[in-house]
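**Student:** Here it is: the structure, laid out below.
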Amino acid sequence: LLIPPALIGVIVFLYGLAFFNSSPLIKEVCDAHTVMCPLCDRRCKVWQLSDTCTYAKVSLLFDNNGTVLFAMFMAVWATLFLEFWKRHRASYVCEWKVSDWCEEEVPSLFYSEIAIQEIVNNANCEPKNHKHSYLRSTLVLICVVAMILVIIGLTHALVVFRVIAAVLLAEGSWEFLSNHSNTGAMMLGAFLHYLIITVMTRINRIVAMKLCEIEKTRSFAATEKSFTVKMFTFQFFTYFSSLFYVAFFLGRINGHPGGYVRIAGKWRLEECHPSGCLTDLFIQMAIIMVLKQTISNIFEFTGPWFHRWLRRRNEEDAKDGDELCDNCKLRNWLSNYRLNNVDSFSLFNEFLEMVIQFSFTTIFVAAFPLAPLLALINNVIEIRLDAIKMVTLERRLVPKKTNDIGVWINVLEAIGVLAVIANGLVIGVSSDFIPRLVYRYLYGPCANGTASDLDCMTGYIKNTLSIARVGDHNILNEFSPHQMVTAGGLNVSHCSYRDYRSNEDYSLTPQFWLISAVRFAFVILFEHVVVICKFIAAWFVPSAPMQVKNDRL
Numbered sequence: 001l002l003i004p005p006a007l008i009g010v011i012v013f014l015y016g017l018a019f020f021n022s023s024p025l026i027k028e029v030c031d032a033h034t035v036m037c038p039l040c041d042r043r044c045k046v047w048q049l050s051d052t053c054t055y056a057k058v059s060l061l062f063d064n065n066g067t068v069l070f071a072m073f074m075a076v077w078a079t080l081f082l083e084f085w086k087r088h089r090a091s092y093v094c095e096w097k098v099s100d101w102c103e104e105e106v107p108s109l110f111y112s113e114i115a116i117q118e119i120v121n122n123a124n125c126e127p128k129n130h131k132h133s134y135l136r137s138t139l140v141l142i143c144v145v146a147m148i149l150v151i152i153g154l155t156h157a158l159v160v161f162r163v164i165a166a167v168l169l170a171e172g173s174w175e176f177l178s179n180h181s182n183t184g185a186m187m188l189g190a191f192l193h194y195l196i197i198t199v200m201t202r203i204n205r206i207v208a209m210k211l212c213e214i215e216k217t218r219s220f221a222a223t224e225k226s227f228t229v230k231m232f233t234f235q236f237f238t239y240f241s242s243l244f245y246v247a248f249f250l251g252r253i254n255g256h257p258g259g260y261v262r263i264a265g266k267w268r269l270e271e272c273h274p275s276g277c278l279t280d281l282f283i284q285m286a287i288i289m290v291l292k293q294t295i296s297n298i299f300e301f302t303g304p305w306f307h308r309w310l311r312r313r314n315e316e317d318a319k320d321g322d323e324l325c326d327n328c329k330l331r332n333w334l335s336n337y338r339l340n341n342v343d344s345f346s347l348f349n350e351f352l353e354m355v356i357q358f359s360f361t362t363i364f365v366a367a368f369p370l371a372p373l374l375a376l377i378n379n380v381i382e383i384r385l386d387a388i389k390m391v392t393l394e395r396r397l398v399p400k401k402t403n404d405i406g407v408w409i410n411v412l413e414a415i416g417v418l419a420v421i422a423n424g425l426v427i428g429v430s431s432d433f434i435p436r437l438v439y440r441y442l443y444g445p446c447a448n449g450t451a452s453d454l455d456c457m458t459g460y461i462k463n464t465l466s467i468a469r470v471g472d473h474n475i476l477n478e479f480s481p482h483q484m485v486t487a488g489g490l491n492v493s494h495c496s497y498r499d500y501r502s503n504e505d506y507s508l509t510p511q512f513w514l515i516s517a518v519r520f521a522f523v524i525l526f527e528h529v530v531v532i533c534k535f536i537a538a539w540f541v542p543s544a545p546m547q548v549k550n551d552r553l
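Residues 1 to 553 (full-length UniProt numbering) are what the sequence shown spells out, left to right.
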């Protein structure tokens, strides 16, 4: 089902590519002679808006009118995916005759080591009573909240790292890095974010297991469910906390000339590019998604292969065992034993990987329409690597009787709802879709239906910029004299920055408040329309095929 969104995502991408040469927004940036304010203190100097021509072109690839329709489609697609999955599940439940199976009533891994241990340790086969402790539940809740706060704290550390990295790159001796210090800092931050994800994945697993031990659940099925919810919660915040900051806070809390927000009173917060903030989110998502899928597949396949090779090398009596089993039925058992061990959570990593990928392809898809295509390519490759790993590198799994995928289906449904909210906010808050719409009909050359020979979006970039004058008492000490010298050696008395502020007292203009009101109205309208479409899609597609219902009847 990734094929339709992958094709539509490519069409949206090509739609933006088709307007490279004709878009007035790109022409306005590339042909501009506007002098922009320094992006950092001390050594950063004023710069030309035309220096970011390439950045403006990339922004249009992912921030165009097609993005809105694509985000709506993906929200409905997430619902259809879950409905078709339920139909798929219903067919197997009918075929395997497990419709009335209840995992909580019996040991979930019958004939497994855990079930055998429970029987041996309880000779009278007495059932476990249900127990509940408010003290333990409170302790677990406090620990979960504390862990989430730690992960959010790492996001703040990433913000500080990007701010400092941008300053160091801007003050460096390499001209290319100095001119693209913010983009370079964003890419370095994305790489660091991936390293944090790799480390925190192991820590999250340990913490989730310890919390499950504190809970003392009644059965293995309950432990599995509890572990799944906690592990996914930790992983979700690890993956997406930084993305939420880039999507909804980057460039909106940095202040303005004369009133910049600083970390520890020293470093200025990051700013958005004049062409919009969505490209920063795209860069972050692309790097994390590509690195995660590529490196994870490499380690996921080479790890079991290396362990099998190491195990065979350490078994000195392997040949003797083969000779003893030349003519017996134990040969296959011995061969299976020499493979890598598997346990009850062997498939957990596969589920978690798919659910995180589902989150990437739905929650912030408005900023990265190519995400479904990358996910499709990854899954085509990974499905073969997993098959090779499970069949040739790992021991055969113990069969587990079940009739669904447990709590994972609830997690997927929650992600589908979150995707509607997040995409509505990305388009309404992060994207320039609303400011462009307001400019076209109220402030541009075609405002009020007046005929014009110019394109309706002509002058939009200039309209989004405000001017800071060095002589104003509000910013008298903001920029030093050497910062107000252009690359050509020309002294300037004013510079531009992205915001809707008065050029006299730097107060927010009526246009800012109008755009904010339209943004809020759009988010509410978008979410209601998409939620209605989701309900209609869920109602339209039955959760079980008619043949399955009739067979069970």
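We treat Cβ as the ideally placed atom computed from N, Cα and C, and that holds for glycine. Please read these numbers as outputs of a predicted model, since none were measured by experiment.
Out of curiosity, what's the CA-to-CA distance linking residue 560 and A190?
**Tutor:** Because the chain here runs from 1 to 553, residue 560 falls outside it and cannot be looked at.
**Student:** Over the uninterrupted alpha helix (DSSP H) stretch that includes Y245, give me the two end residues.
**Tutor:** Here the alpha helix (DSSP H) through Y245 covers 220 to 248.
**Student:** Who are the Cβ neighbours of I356 in its own chain at under 7 Å, not counting the five residues just before and after it?
**Tutor:** Closer than 7 Å at the Cβ level, and outside the excluded window around I356, lie Q235, Y239.
**Student:** Have a look at R552 and H88 and give me their C-alpha separation to the nearest angstrom.
**Tutor:** Distance between the alpha carbons of R552 and H88 is about 15 Å.
**Student:** For P107, name the three-state secondary structure that DSSP assigns.
**Tutor:** Model confidence at P107 stands at a pLDDT of 47, short of 50, so the residue's coordinates are unreliable; what they give is reported in the following sentence. Correct three-state label for P107: coil.
**Student:** Looking only at DSSP bridge pairs, what is Y497 linked to?
**Tutor:** Y497 pairs with S466.
**Student:** Does the distance from the C-beta atom of C272 to that of L243 stay below 9 Å?
**Tutor:** Not a contact, by the Cβ cut-off of 9 Å.
**Student:** For I263, which beta-bridge partners are listed by DSSP?
**Tutor:** In DSSP, I263 forms a bridge with W267.
**Student:** Between the Cα of C495 and those of T34, G16, P24, I11, spot the shortest distance and give me the residue it belongs to.
**Tutor:** When only C-alpha atoms are compared, the closest one is T34.
**Student:** Quickly, what does DSSP pair V35 with across the bridge? List them, please.
**Tutor:** In the DSSP output, where bridge partners are listed per residue, V35 has Q48.
**Student:** Return the chain-ordered list of same chain residues with a C-beta closer than 8 Å to the C-beta of A487, the five sequence neighbours on each side being excluded.
**Tutor:** K45, W47, Q48.
**Student:** So, are the CB atoms of W101 and T402 less than 9 Å apart?
**Tutor:** Yes.
**Student:** Skipping 5 residues on each side, what residues in its chain have a beta carbon closer than 7 Å to that of C94?
**Tutor:** Answer for C94: V548, D551, R552, listed in chain order.
**Student:** Could you round the C-beta distance between N254 and M231 to whole angstroms and report it? I think they count as a contact, below 8 Å.
**Tutor:** That belief does not hold up - the Cβ atoms of N254 and M231 are roughly 35 Å apart, past 8 Å.
**Student:** Do you know offhand how far H132's Cα is from G406's?
**Tutor:** If you take the alpha carbons of H132 and G406, they lie about 22 Å apart.
**Student:** Reducing DSSP to helix, strand and coil, say where G321 ends up.
**Tutor:** Any reading at G321 must be qualified, since the residue scores a pLDDT of 47, below 50, and its modelled position is unreliable; the value itself is stated next. Of the three classes helix, strand and coil, the one that applies to G321 here is helix, per DSSP.
**Student:** Along the chain, where does the alpha helix (DSSP H) that runs through S59 open and close?
**Tutor:** Start and end: 53 to 62.
**Student:** So is K534 buried or exposed if we call it buried at 16+ other beta carbons inside 10 Å?
**Tutor:** It counts as buried.
**Student:** Kindly list the residues whose CB is nearer than 7 Å to the CB of Y15, restricted to its own chain and excluding five residues on each side of it in sequence; keep chain order.
**Tutor:** Around Y15: N64, G66.
**Student:** Distance, Cα to Cα, E300 vs I206?
**Tutor:** Going by the C-alpha atoms only, they are around 19 Å apart.
**Student:** In its own chain, which residues sit with a C-beta less than 7 Å from the C-beta of Y441, not counting the 5 before and 5 after it?
**Tutor:** Once the five neighbours on either side are set aside, the close Cβ partners of Y441 are A447.
**Student:** So, at 7 Å on beta carbons, what are the nonlocal neighbours of R469 in its own chain, with the 5 sequence-adjacent residues on each side left out?
**Tutor:** If we look at R469 and ignore the five residues flanking it on each side, its Cβ neighbours are S493, H494.
**Student:** For T279 and Y55, which I take to be in contact (beta-carbon distance under 8 Å), what is that distance rounded to the nearest angstrom?
**Tutor:** Indeed they touch by this definition, with Cβ atoms about 7 Å apart.
**Student:** Let me check one thing: in DSSP terms, what residues is N491 bridge-paired to?
**Tutor:** For N491, which the question treats as bridged, DSSP gives the partners V485.
**Student:** Measuring only the C-alpha atoms, how far is residue 554 from F364?
**Tutor:** Only positions 1 to 553 of the chain appear in the structure, and residue 554 is not among them; the question remains open.
**Student:** What does the alpha-carbon distance come out to for the pair G416 and L454?
**Tutor:** About 42 Å.
**Student:** Between which two residues does the alpha helix (DSSP H) containing G424 stretch?
**Tutor:** Start and end: 408 to 425.
**Student:** Considering only residues of the same chain and omitting the five flanking positions on each side of A422, which have a CB-CB separation below 6 Å?
**Tutor:** Answer for A422: I363, listed in chain order.
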